[in-house]
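S.K.: In our numbering, the protein residues as written are 230 to 503. One structure follows; several queries about it will come next.
Right, here's the structure in full:
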């Protein structure tokens, strides 16, 4: 049976990068049995000293991912003094970046994790927008960062998805005269709900095109101007009761409307922070 080899991993963050690389390399030595001993969130020379002494005793390799120069310098010095093989996984590539882009790195551990958290926040927001789209579940009203309300074809769903991609949890509620607005709407804090309105003639054209794509007659009640006026009037009354900011989406791209929504949210934050 082959002797088990020990590799010590050190990181001033979690150390996932070092673990992945060492496992990939170790897998190429199938006749050897490796034990990986990982120490995360190294923050002092004392932390390093403990590993140096263990690595010397076990005749091991030390692999590290430090972005803090003081820790890197101390480890390299001690590894040299104790004749320990120490491998810096980040510096070679970091130096190429510095040379190529003529900029200094932040030297802050954990930034990769922050990027990962943003990614998962985005995924969660997209799942939220799908779940609470078109009033499928009114429980989303209280949980949402933003609640969009408006009549049919005011771009509530695509706007919800666009904002979700930006990390916002969005619920959207269609306003229809025959369906009472959810009571939860009238309990929302100011600025959390945003109303979407549109010019009647623009909505008329959009709805006619929608019916055409569905293979239906463009003269159906859904696209009639008097019905549209009735719906818009009802929607504006609800928006006044809620007391929400209103955005006119007529002839606006989704990106424009999304920017308006985010501007409103930022203004509200500034008001409440005063």
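Each residue gets a CB set at the ideal place from its N, CA and C atoms; glycine is no exception.
1. Kindly indicate which three-state DSSP category residue 368 falls into: helix, strand or coil?
2. Let me check one thing: in DSSP terms, what residues is residue 233 bridge-paired to?
3. Beta strand (DSSP E) containing residue 403: first to last residue?
4. Hey, could you find the ends of the beta strand (DSSP E) residue 477 is sitting in?
5. Can you say whether residue 363 is buried or exposed, counting buried as having 16 or more other CB atoms within 10 angstroms of its CB?
6. By Cβ distance below 7 angstroms, which residues in the same chain neighbour residue 311 in space, the five residues on each side in sequence not counted?
7. When you compare the CB positions of residue 431 and residue 479, do they come within less than 8 angstroms of one another, or not?
8. State buried or exposed for residue 331, treating a residue as buried only when at least 16 other CB atoms are found within 10 Å of its CB.
9. Going by CA-CA distance only, name the one from 439, 239, 462 that's closest to residue 452.
10. In this structure, what does DSSP give as the bridge partners for residue 238?
11. First and last residue of the beta strand (DSSP E) that includes residue 316?
12. Which one or two residues does DSSP pair with residue 327 in a beta bridge?
13. Can you tell which of 426, 425, 450 has the C-alpha that lies nearest to the C-alpha of residue 436?
14. Report yes if the C-beta of residue 242 is less than 7 angstroms from at least one heavy atom of the ligand FMN; otherwise report no.
M.R.: Working from what's here:
1. coil
2. 262
3. 399-403
4. 475-477
5. exposed
6. 281, 285
7. yes
8. exposed
9. 439
10. 267, 292
11. 315-317
12. Looking at the DSSP assignment, residue 327 forms no beta bridge with any residue, so it has no partner.
13. 450
14. Absent from the structure shown: the ligand FMN. Ligands present: none.
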